[in-house]
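Participant: Each residue of the sequence shown is one higher than the one before, counting from 1 in UniProt numbering.
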Amino acid sequence: MIGHARKETPSIWNYAVQRDADSMINTPPTFAWYLCSLVFKHIKAMGGLKTITRQNELKAKMLYEYIDSSKLYRNVVAKENRSTMNVTFVTGNPELDTKFVAEATATGLQALKGHKVLGGMRASIYNAMPLEGVEALIKFMKNLRQRIYFKHNNNIFD
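1) DSSP state of H115, grouped into three classes?
2) Buried or exposed, going by whether 16 or more other CB atoms sit within 10 Å of the CB of K151?
3) Take A78 as the anchor and find which of S70, L72, V87, P130 has the nearest alpha-carbon.
4) Grouping DSSP H, G and I as helix and E and B as strand, with all else coil, what is G120?
5) Can you check DSSP and say which residues form a bridge with N86?
6) Closest to H42 by CA distance: which of F140, R145, A128 is it?
7) In angstroms, rounded to a whole number, what distance separates the CA positions of A102 and N81?
8) With a threshold of 8 Å, are at least 3 pairs of Cβ atoms found where one atom belongs to the stretch 59-73 and the other to the stretch 134-146?
9) Measure the C-alpha to C-alpha separation of R74 and G47 and round it to an integer number of angstroms.
10) If you reduce the DSSP assignment to three classes, tell me which class R54 lands in.
11) Just to confirm before moving on: does the CB-CB distance between F140 and A106 stay below 8 Å?
12) Which residue's Cα is closest to the Cα of V76: Y34, M24, G114?
13) Starting from V76, trace the alpha helix (DSSP H) in both directions and tell me its first and last residue.
Here is the structure:
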């Protein structure tokens, strides 16, 4: 096979090129490998994949349960299709969604703005998001709901 590659064969798959370059035709992505090693060590230190999976499921469950029980917030994704990493929700009022994102950002809850086409909010609760971060978001959501509720004479959600 070495020396018999067609001229259209990409160099990465040309065994002669690989042989002549000591199998290093491309610069190895050593920084990416290093970062992966740090992530793998972190996952192991946190208890492994099963532990992180349970934590992620708990974070998503907490947030979805609050959204589903709220009269202000709603999730339009069918339960069987919901993500454990990105929880989307809306208030049903684009102006209130904008207010939500602005106030959340001002209190230190970052990157909650939803998709540029779909709007609303999106809470990305990946592995690095601690349970306390989800608890802080739910607390903020409850607080905003209460302020809106009392501003509108207690009947906006009835």
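A virtual CB, placed ideally from N, CA and C, is assigned to each residue, including glycine.
This one's a predicted model, so the numbers in the text were calculated from it and none came from an experiment.
Facilitator: Reading from the atomic positions:
1) Position 115 of the sequence shown, counting from 1, holds the residue named residue 115. DSSP places H115 in strand when its eight states are reduced to three.
2) Looking up residue 151 in the sequence shown gives position 151. Result: exposed.
3) In the sequence shown, residue 78 corresponds to position 78, counting from 1. The residue with the shortest Cα to Cα distance from A78 is V87.
4) Working through the sequence shown from its first residue, we reach residue 120 at position 120. Looking at G120 - three-state DSSP - the assignment turns out to be strand.
5) One-based indexing of the sequence shown puts residue 86 at position 86. In DSSP, N86 forms a bridge with S124.
6) The residue given as residue 42 occupies position 42 in the sequence shown. Selected option, being the one with the closest Cα: A128.
7) The residue you call residue 102 lines up with position 102 of the sequence shown. The residue you call residue 81 lines up with position 81 of the sequence shown. The alpha-carbon atoms of A102 and N81 are separated by roughly 28 Å.
8) yes
9) Taking the first residue of the sequence shown as position 1, residue 74 is located at position 74. Taking the first residue of the sequence shown as position 1, residue 47 is located at position 47. Answer to the nearest angstrom: the Cα atoms are 33 Å apart.
10) Taking the first residue of the sequence shown as 1, we reach residue 54 at position 54. Helix, per DSSP.
11) Working through the sequence shown from its first residue, we reach residue 140 at position 140. Working through the sequence shown from its first residue, we reach residue 106 at position 106. No, these two residues do not count as a Cβ contact at 8 Å.
12) As a first step, residue 76 is located in the sequence shown; it is residue number 76 there, counting from the start. Answer by Cα proximity: G114.
13) On the sequence shown, residue 76 is found 76 positions in, with the first residue counted as 1. It is not in any alpha helix (DSSP H) - V76 carries neither H nor E in the DSSP assignment.
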